[in-house]
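>
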Amino acid sequence: MLRIATGLMALAAAANPAAPQATVNTSAAAATLARVPSDVPIFPLEDVKPGMRGVGRTVFANQKLETFEVEIIGALENSAPRQTMIMARLTGGPLANTGVIAGMSGSPVYIDGKLLGAVAFGFGFSKEAIAGITPYAEMTGFSRMNDILLRASASPESDILRPIPLRMSGLPLPIDAATLISKFTSALDAVGTNAKSSAGVAGLSPLPIPLSVSGLSGSAFDVARGLFSKMGFTPLQVPAKGVAPGPLPPLEAGGPVAVSLIQGDFDFSATGTVTHIDKDAVYAFGHPFFGIGPIDFPMRRAWVYDVFPSLNQSFKIASAHDTIGRFQQDRATGISGKLGAGPRMIPVKVSLQNRPGQKQDYSFSVVQDDLFTPLTVYASVLSVLQGQERVAGPSTVTLDATVNFTSIPALRLQDQFADGQPGAMAAGLVGSAISFVMNNEFRRVSLESVTVNLTAKEAQETAVIDRAWLERDGPVRPGATVPMKVALRTFRGEEVVVAIPVEVPLGTAPGRYAIFVSDGAGLSQAEQREMRQAFIPRNLDQIVRAVNSIRKSTQIYVRLQRFEEGAAVSGTLLPGLPPSMMQVLGASEGGEPVVRTATTVVWDGEKAVDFSVRGARFLALQIER
82 MLRIATGLMA
92 LAAAANPAAP
102 QATVNTSAAA
112 ATLARVPSDV
122 PIFPLEDVKP
132 GMRGVGRTVF
142 ANQKLETFEV
152 EIIGALENSA
162 PRQTMIMARL
172 TGGPLANTGV
182 IAGMSGSPVY
192 IDGKLLGAVA
202 FGFGFSKEAI
212 AGITPYAEMT
222 GFSRMNDILL
232 RASASPESDI
242 LRPIPLRMSG
252 LPLPIDAATL
262 ISKFTSALDA
272 VGTNAKSSAG
282 VAGLSPLPIP
292 LSVSGLSGSA
302 FDVARGLFSK
312 MGFTPLQVPA
322 KGVAPGPLPP
332 LEAGGPVAVS
342 LIQGDFDFSA
352 TGTVTHIDKD
362 AVYAFGHPFF
372 GIGPIDFPMR
382 RAWVYDVFPS
392 LNQSFKIASA
402 HDTIGRFQQD
412 RATGISGKLG
422 AGPRMIPVKV
432 SLQNRPGQKQ
442 DYSFSVVQDD
452 LFTPLTVYAS
462 VLSVLQGQER
472 VAGPSTVTLD
482 ATVNFTSIPA
492 LRLQDQFADG
502 QPGAMAAGLV
512 GSAISFVMNN
522 EFRRVSLESV
532 TVNLTAKEAQ
542 ETAVIDRAWL
552 ERDGPVRPGA
562 TVPMKVALRT
572 FRGEEVVVAI
582 PVEVPLGTAP
592 GRYAIFVSDG
602 AGLSQAEQRE
612 MRQAFIPRNL
622 DQIVRAVNSI
632 RKSTQIYVRL
642 QRFEEGAAVS
652 GTLLPGLPPS
662 MMQVLGASEG
672 GEPVVRTATT
682 VVWDGEKAVD
692 FSVRGARFLA
702 LQIER
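Okay, here's the thing in C-alpha cells:
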C-alpha cells in the first residue's frame, strides 16, 4: 500500500461567515502575518448534544478556504485524563471520497458561530468521515507556559526545557565509534512509539501528520521514512523549495500552518491547520506534534496544492514557505506559538569531496532539540553521501567534523569508514556524538554550529592485522627500543608491512610482558572488559573527553602490558602502582570510582596507516635488569 504524506501548508484567504473575521491590529506581528478574528465566543462543552449541526473550515486545495458540515454524534468524557473528545460526522467538499484527511488536524469547528474545537482524530480505513474533535478550551490550557519558554529561550541551557527523549547515558568508558553509533540507532528505534499514542477510544487515533521531506536522496529518504514513521509521522518526498503558485495570504483559522525541523538545502516540515488566533498567539493541530512539551520550532506559512485520496489515509499535499513565528508548546491537546520572529536555528555546513576538483557544499539549519537535532543532522549527512556516491559496492568515506557548543569544548570527530555501510557509519558518528552530549544527564547544553567535511572514494581501503613479530630475539632491558613489524592484508589480498618500534620505559620491572597489537575498537573494548564496565561518565567533561578520545580506525594501537594488579580511576587505566598507592586508592571515600585491574599498562603507542584496520595480535616480551 502506498503510504505517502505531506508537509507544510500555506495560509488561507477567504473569510467565512460562520466564523466572524476581522483584521485587528493587536500587534505589529499579527497585523502583517495573520488575519486575527474579532472576539469569537467559545461554545460551552456542557451544551454539546448529539444531533447538533455546525460548520468546519479548512483548505483542501490551492489555498481556497472552504467549509464542511459537522454533525455531532456525542461527547466522550475522560477519553484521556480530564480530556473530552467530541465525536462528529463530517460531510462536504471531498470528504465523501477521502474520509478525514491528514493535514486537517486543527481545522476549527463552529456551532452557532461559536468555536467548539479542532478536528484532530480519525479512524483508519473508515467508510465515513467520522472525526474526533478536541475542545478548544482544552487546547488553551497550556498557553500561559509560552511566555515562560520565551524567557527560558534566552538561556538555551536552562533546565526549564523539555525532558530528555533520547537515552544515551550508561555507555562505558572508553567509547568506541561502533558502540556509540549502535547506542544511538537503538535509542532512535525505541523512541517515539508512545509519543503518538492513540486516544484509546473506539479505535480513534490522532490524525497522521504529513511530513514533507525535500533535498534527500532516494535511499536517504528511505532511511528517514523508516525513522520518522516509527515516530508517528507519515513522510512524503517533495521537491525542494516548493514555489507557491500564488501569493501567500495571512495566516487565519482554517488555513494551513507548518512546523519545521530543517530549513535550507534540506527541509523537513510537518503540516496541520490553524484552529484559532488570539492576538499573536496561534493554536493548531488539536493533538500533539510529538508530545515533547516545551519546544522552540519555526512556524511557517505553507501552500496546499491538493488532497491525495487513499483507502488507508488521505492527506494534503503541501510545501512550506516563509517563517512567521515560533511554536513553543507541544502538548496532548495541540500545539501553540507566537507570531513574529522565528527561533534560533543551528547552522550546519556539509562539504563532500568525491573526486579531484569536484566538491559539493550544503548549507542548512536545524532546530535546537535533544531528539530532532541529532536525528536531522544524521539524516542530512547521510543524504549528502548517498546522493552523490554509490550506495552499493566498495567505498571509503573519510570524516572530519567539528561540533561547537556555547559553553563546553568542541567535539572533533575524525575517522575513516570502509566496511559495511561507510556512509551510514560516518553520518551515524556525527549524529550519535551530538546526541550523546546533548542528552547527557548532568546539565543542558546548547549547540552552536556543526561543520562536516567528507571525502569519498570508490574503493574499499580496508586491511586486517594478519601477523606481527619482533625483529629482535631474547630478553631486553628497560630503556630499550624493540623493533616490531606488523603485516596487514588489504581488501584485495596485498600484504603491507608496517614498522612500529616498541619502547620499554626506564624503570620497568623485570618479568614477562605482553604486547597487544590491535585496532582502535578492539583496544577500547578490551579496556571496557578490564574495567568490568564499571565506569560510566560521571560528569559532562568526561563525556566530552570520551567523545574526543574515540580511537580512529586508521591507527594501529600497540600496548605493552603486564598481567599484574593495577587500578583504573573513572575509566582511565593507571600504570603499575605500588601497593601503598593501591591501599590509598582503595580506602578513598566519596571520590571517583576505583576498580582494581588485572593488567598494568607500561607503554602505549600508535601508528597511522592508509587503511581502516581491524584485528588484533598478541606477542610476548621478556624484560631483564
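Under our numbering, the letters of the sequence shown match residues 82 to 706, in that order.
For each residue, glycine too, the CB sits at the ideal point set by N, CA and C.
Computed from a predicted structure; not experimentally measured.
1. Answer yes if the segment 130 to 143 comes into contact with the segment 188 to 196, meaning at least three C-beta pairs across the two stretches below 8 Å, and no otherwise.
2. On the CB-based measure, 16 or more other CB atoms within 10 Å of its CB, does S400 come out buried or exposed?
3. So K208 packs on P122, CB below 8 Å; how close in whole Å?
4. What are the boundary residues of the alpha helix (DSSP H) that L308 is part of?
5. In or out: G468 buried (at least 16 other Cβ within 10 Å) or exposed?
6. S239 by DSSP, collapsed to three states: which one?
7. How do the segment 426 to 446 and the segment 257 to 272 stand: do at least 3 beta-carbon pairs fall below 8 Å, yes or no?
8. So, with DSSP's three-state summary, where would you put F202?
9. Which one or two residues does DSSP pair with E150 in a beta bridge?
10. Rounded to a whole number of angstroms, what is the C-alpha to C-alpha distance between E575 and F206?
11. Only counting the same chain, and skipping five residues up and downstream in sequence, which positions put a Cβ closer than 6 Å to that of P326?
12. State the Cα-Cα distance for the pair R706 and E552, rounded to the nearest angstrom.
13. Please tell me whether I596 and L700 are closer than 7 Å, where the distance is taken between their beta carbons.
14. For V190, which beta-bridge partners are listed by DSSP?
15. Tell me which residues share the same chain as G155 and place their Cβ nearer than 7 Å to its Cβ, disregarding the 5 neighbours each side in the sequence.
16. Residue ranges of each beta strand (DSSP E) run of no fewer than 3 residues wholly in the segment 514 to 575, ordered along the chain?
17. Alpha carbons only, please: which of A689, V577, D554, L569 is nearest the one belonging to I704?
18. What did DSSP end up calling M220 once you bin it into helix, strand or coil?
19. Distance, Cα to Cα, P559 vs T589?
20. According to DSSP, which residues form a beta bridge with L466?
21. In or out: P455 buried (at least 16 other Cβ within 10 Å) or exposed?
22. Given that a residue counts as buried once 16 or more other Cβ atoms are within 10 Å of its Cβ, and exposed if not, what is S513?
23. Mind checking whether T352 and P390 have CB atoms under 7 Å apart?
24. Which residue or residues does DSSP assign as beta-bridge partners of T356?
25. Do I416 and F370 have their C-beta atoms within less than 7 Å of each other?
26. According to DSSP, is N485 helix, strand or coil?
27. Should W550 go down as buried or exposed, given a rule of 16 or more other Cβ atoms within 10 Å for buried?
28. Take T536 as the anchor and find which of A508, F149, P175 has the nearest alpha-carbon.
29. Could you compute how far the alpha carbon of Q164 sits from the alpha carbon of G421?
30. Can you give, in chain order, each stretch of the beta strand (DSSP E) that sits fully within the segment 374 to 422 and has at least 3 residues?
31. Hey, out of I631, S527, V447, whose CA is closest to F486's CA?
32. Taking R626 as part of the alpha helix (DSSP H), name the residues at either end of that continuous run.
33. Would a C-beta distance cut-off of 7 Å place L510 and A305 closer than the cut-off?
34. Let me know the secondary structure DSSP gives R610 once reduced to three states.
35. Hey, quick one: how far does the alpha helix (DSSP H) through A271 stretch, first residue to last?
36. Could you check whether I182 and V388 sit closer than 7 Å to each other, using their CB atoms as the reference points?
Let's see:
1. yes
2. Here residue 400 is taken as the residue at index 319 of the sequence shown, counted from 1. Burial call: buried.
3. In the sequence shown, counting from the first residue as 1, residue 208 sits at position 127. In the sequence shown, counting from the first residue as 1, residue 122 sits at position 41. No, K208 and P122 are not in contact; Cβ-Cβ is about 35 Å, not under 8 Å.
4. Here residue 308 corresponds to residue number 227 of the sequence shown, with the count starting at 1. Segment 299 to 311, the alpha helix (DSSP H) holding L308.
5. Taking the first residue of the sequence shown as 1, we reach residue 468 at position 387. Buried, because 16 or more other Cβ atoms sit within 10 Å of the Cβ of G468.
6. The sequence position of residue 239 within the sequence shown is 158, counting from 1. The predicted position of S239 is uncertain, since its pLDDT is 48 and thus under 50; no value can be drawn from it.
7. no
8. To locate residue 202, count along the sequence shown from 1; it is residue 121. Residue state, collapsed to three classes: strand.
9. Counting from one through the sequence shown, the residue named residue 150 turns up at place 69. The partner list for E150 (beta bridge, DSSP) reads V136, T172.
10. Position 494 of the sequence shown holds residue 575. Position 125 of the sequence shown holds residue 206. Their backbone Cα atoms lie some 59 Å apart in a straight line.
11. As a first step, residue 326 is located in the sequence shown; it is residue number 245 there, counting from the start. Within the same chain, P326 has no close Cβ partners at all.
12. For this step, residue 706 is matched to residue 625 along the sequence shown. For this step, residue 552 is matched to residue 471 along the sequence shown. Going by the C-alpha atoms only, they are around 20 Å apart.
13. For the purposes of this step, residue 596 is taken as residue 515 along the sequence shown, with counting starting at 1. For the purposes of this step, residue 700 is taken as residue 619 along the sequence shown, with counting starting at 1. Yes. Within cutoff.
14. Within the sequence shown, numbered from 1, the residue matching residue 190 stands at position 109. Beta-bridge pairing links V190 to G137, G198.
15. As a position in the sequence shown, residue 155 is number 74, starting the count at 1. Excluding residues within five positions, the ones whose Cβ falls inside 7 Å are P131, M168.
16. 528 to 538, 543 to 551, 565 to 571
17. Stepping through the sequence shown from its first residue, residue 704 is reached at position 623. Minimum Cα distance to I704 is reached at D554.
18. On the sequence shown, position 139 is the one that residue 220 refers to. If DSSP states are grouped into helix, strand and coil, M220 belongs with the helices.
19. For this step, residue 559 is matched to residue 478 along the sequence shown. For this step, residue 589 is matched to residue 508 along the sequence shown. Their Cα atoms are separated by approximately 6 Å.
20. Position 385 of the sequence shown, counted from the first residue, corresponds to residue 466. Paired residues: none, contrary to the question.
21. Walking along the sequence shown from the start, residue 455 turns up at place 374. Classification for P455: buried.
22. As a working note, residue 513 is residue 432 in the sequence shown. S513 is buried by the Cβ-count criterion.
23. For the purposes of this step, residue 352 is identified with residue 271 of the sequence shown, where counting begins at 1. For the purposes of this step, residue 390 is identified with residue 309 of the sequence shown, where counting begins at 1. It is not a contact, given that the beta carbons lie outside the stated cut-off.
24. Stepping through the sequence shown from its first residue, residue 356 is reached at position 275. Partner(s): none; T356 has no beta bridge.
25. Counting from 1 along the sequence shown, the entry for residue 416 is found at position 335. Counting from 1 along the sequence shown, the entry for residue 370 is found at position 289. In contact: I416 and F370 (Cβ atoms closer than 7 Å).
26. The residue you call residue 485 lines up with position 404 of the sequence shown. Three-state DSSP puts N485 in a strand.
27. Position 469 of the sequence shown, counted from the first residue, corresponds to residue 550. So W550 counts as exposed.
28. The sequence position of residue 536 within the sequence shown is 455, counting from 1. Selected option, being the one with the closest Cα: A508.
29. The count along the sequence shown starts at 1 and reaches residue 164 at position 83. The count along the sequence shown starts at 1 and reaches residue 421 at position 340. One C-alpha to the other measures close to 31 Å.
30. 374 to 389, 396 to 412, 415 to 420
31. Taking the first residue of the sequence shown as 1, we reach residue 486 at position 405. The candidate whose alpha carbon is nearest that of F486 is S527.
32. For the purposes of this step, residue 626 is identified with residue 545 of the sequence shown, where counting begins at 1. Looking at the DSSP string, the run of the alpha helix (DSSP H) that includes R626 is 621 to 629.
33. As a first step, residue 510 is located in the sequence shown; it is residue number 429 there, counting from the start. As a first step, residue 305 is located in the sequence shown; it is residue number 224 there, counting from the start. The answer is no: Cβ separation not under 7 Å.
34. Taking the first residue of the sequence shown as position 1, residue 610 is located at position 529. Of the three classes helix, strand and coil, the one that applies to R610 here is helix, per DSSP.
35. Your numbering for residue 271 matches position 190 in the sequence shown. First-last of the alpha helix (DSSP H) with A271: 258 to 271.
36. Indexing the sequence shown from 1 puts residue 388 at position 307. Indexing the sequence shown from 1 puts residue 182 at position 101. Their beta carbons are under 7 Å apart, which means V388 touches I182 by this criterion.
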